Every structure is written in C-alpha cells, then in structure tokens.
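Please read the structure below before turning to the comments.
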Amino acid sequence: MISPSTLTIDWLKPDIEEERWEFFNHPAKQEWYQSHAVTWERIVSRFECGALVSYPRAATIGEISVALSYHRYDEYQTYLARAKRGYRKNYSRMEDALQSAGSLALKAPIILLSGGEGVLLSGYRRLCLGWNYGMIPCVWLVPLG
Numbered sequence: 030m031i032s033p034s035t036l037t038i039d040w041l042k043p044d045i046e047e048e049r050w051e052f053f054n055h056p057a058k059q060e061w062y063q064s065h066a067v068t069w070e071r072i073v074s075r076f077e078c079g080a081l082v083s084y085p086r087a088a089t090i091g092e093i094s095v096a097l098s099y100h101r102y103d104e105y106q107t108y109l110a111r112a113k114r115g116y117r118k119n120y121s122r123m124e125d126a127l128q129s130a131g132s133l134a135l136k137a138p139i140i141l142l143s144g145g146e147g148v149l150l151s152g153y154r155r156l157c158l159g160w161n162y163g164m165i166p167c168v169w170l171v172p173l174g
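Each residue of the sequence shown is one higher than the one before, starting from 30 at the first, in the working numbering.
As structure tokens, this is what we get:
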C-alpha cells in the first residue's frame, strides 16, 4: 500500500541572474562549461527557451546524462547531509518550512543541455528536498543549442 503525502512543492521558473555565482565560481562545474564552450552570455540568451520538466531521481533526464546531479542516496549523504553547516542549514530551513506549511513555492533547479549532455547548474538542495519527500521535482531545462 502506498501512503499518500499531503506535502507539495510548486516549482517556479528561476531567475538566471541569481545563479551567476554557480557559473563563475563553482569549481566542479568549470570543466563541463569549458568542454562544451558554454559562456554566461550563451546561457542568458537561451534561458527563455527553457521549460519546466519533471526530473525523477536519476542520473539522466530522459536519455540525457546529467553531470553533478548526485542522485544516489550515498551522494546525498556526502554532498548535503554531511556538508558544512552553512550549506546544510539552508536545506534544513526549506525542510522545516515544508513540514510546517505543508507546501512551498520554490524556484526550480536549472539543468543546462549541450552536445547531448546535461549539467545541474543550480538547485541541488531543492532537488534533494523533493526527492527526499518522494516527489518528482521539476527543473528548468535549458537547451543551449
């Protein structure tokens, strides 16, 4: 028997300007950007072509592999559950708010697509919140063409 949950998340279109740090400063993502010749200008110019799509807990979205999505539970343990307090604290706040209110409106995580591959640009904690509560979160999927 499946136990239904009354907890919900309303996924909203994110603001790309709020994600500048992820592009320019996140060390783990720089290699992907360079190998796909992705520039900030290209992301911004293609951002409106994105769409909200479901992202079940997996290393792929459809047939496309998504780098740095850390979908497995052991990865969650490494990158979020045991992360430094400041990083984990934001997740805990979202979790508390979801449990308290029963629903949240969150900006969707962003996945970039280029050359038949994807990368999670931002929103790992938001993805985990949905996944950990048995939801299928939505992401803003941006084809860079």
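For each residue, glycine too, the CB sits at the ideal point set by N, CA and C.
What you are looking at is a predicted structure, and each value in this text was computed from that prediction instead of being measured.
Exercise. Assuming I45 contacts L170 (C-beta within less than 8 Å), just tell me the rounded distance between them.
Key: Rounded, the Cβ-Cβ distance is 13 Å, inconsistent with contact.
Quiz prompt | Sequence-distant residues of its chain with Cβ nearer than 8 Å to V67 (five each side left out) | solution = W61, L141, S143, L173
Quiz item: Does the pairing of the region 158 to 169 with the region 76 to 90 give three or more beta-carbon distances under 8 Å?
Solution: yes
Practice problem: Name the one or two DSSP bridge partners that P172 has. | Solution: L142
Exercise. Whole angstroms is fine: what's the gap from I72's alpha carbon to D125's?
Key: 33 Å
Quiz item: How about L150 and F53: are their beta carbons less than 8 Å apart?
Solution: no
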